[in-house]
Structure formats: structure tokens, C-alpha cells
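A.B. asks:
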Amino acid sequence: MTTHTSHAPSLDISAWRNQFRMTHTFHLSLGTNEPVAGQLESTLKNANAQIEKWVISRRGGCYDHCITVKGIGDESARDLRSELASLNGEIKVHVEHMLHFDSDASQR
Numbered sequence: 323m324t325t326h327t328s329h330a331p332s333l334d335i336s337a338w339r340n341q342f343r344m345t346h347t348f349h350l351s352l353g354t355n356e357p358v359a360g361q362l363e364s365t366l367k368n369a370n371a372q373i374e375k376w377v378i379s380r381r382g383g384c385y386d387h388c389i390t391v392k393g394i395g396d397e398s399a400r401d402l403r404s405e406l407a408s409l410n411g412e413i414k415v416h417v418e419h420m421l422h423f424d425s426d427a428s429q430r
């Protein structure tokens with residue numbers, strides 16, 4: 323008689339969380355009369371998002387912001403996306419959720 327045992331995967335994900343870092347990149351397009359970077363920055367800080375990189379480019383009468391943050395989870399990033407979009411109805415916001423499997427993960 324042969325007995326087969328199955329190994330149930332562990333639901334504890336804390337062990338592999340130390341092997342990656344998560345960032346979220348917010349892409350915002352806004353007109354020259356829309357909220358300035360200071361308003362965006364205070365909204366990010368209120369959400370406890372740590373700004374890792376912020377690039378602003380100008381195209382015609384619009385500013386494109388590409389803001390990469392760390393220190394928040396997926397749900398917080400979605401909430402923050404809504405908050406940034408609500409600063410003015412004309413702001414277009416897209417967010418990317420990214421996992422980085424690299425040597426910097428242990429230094430989070």
C-alpha cells in the first residue's frame with residue numbers, strides 16, 4: 323500500500339517578502355493651470371509614500387509627472403491614485419504596481 327502526502331503551500335509570505343521590494347509608479351498628465359508639484363507632494367506624504375524618483379516633462383500646454391514611490395501596498399496605491407485624480411477633475415492618473423527582485427531588496 324502506498325500513501326501519498328501532499329504538501330500544502332505556506333500562507334506565510336513574510337519569508338519571501340524579504341527577497342523583493344515593491345514600488346508604484348504614478349503617471350500624471352495635467353495642464354499648466356493644474357495643481358503644482360507641492361500639492362502632489364503633500365498628498366503623497368499624507369499617504370506615507372516615500373518618493374524614490376520624480377520626473378517632470380513638459381509637452382505643449384501639459385506637464386507629465388512620473389513619480390515612483392515605495393513604502394505603500396497595492397490597496398494604498400489605488401487609494402492614492404483616486405486621491406491624486408480628485409485634486410482636479412482634469413488630472414489623468416495611471417499607476418503601475420511593480421515588484422523588484424534585486425539585491426536592493428534586502429536593504430528596504
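Numbering (my numbering), first residue to last: 323 to 430.
Glycine included, every Cβ here is placed at the ideal spot set by N, Cα and C.
As the structure is a computational prediction, the values presented were derived from the model and not from experiment.
Starting from S404, trace the alpha helix (DSSP H) in both directions and tell me its first and last residue.
C.D. replies: Run containing S404: D396 to A407, per the alpha helix (DSSP H) assignment.
A.B. asks: Cα separation between A427 and E374?
C.D. replies: With a pLDDT of 47 at A427, under the threshold of 50, the modelled position of this residue cannot be trusted, and the question is left open.
A.B. asks: Rank L406, M344, K414 and N410 by C-alpha distance to the C-alpha of S364 and give the top, closest one.
C.D. replies: Measuring from the Cα of S364, the nearest candidate turns out to be L406.
A.B. asks: Cα-Cα, which of D396, D386, L350 and Q361 is closest to R343?
C.D. replies: That would be D396, whose Cα lies nearest to the Cα of R343.
A.B. asks: Between the alpha carbons of N410 and K392, how many angstroms are there, rounded?
C.D. replies: Taking the straight line from one Cα to the other gives about 24 angstroms.
A.B. asks: Could you pull the DSSP bridge partners for I373 from this structure?
C.D. replies: I373 pairs with V391.
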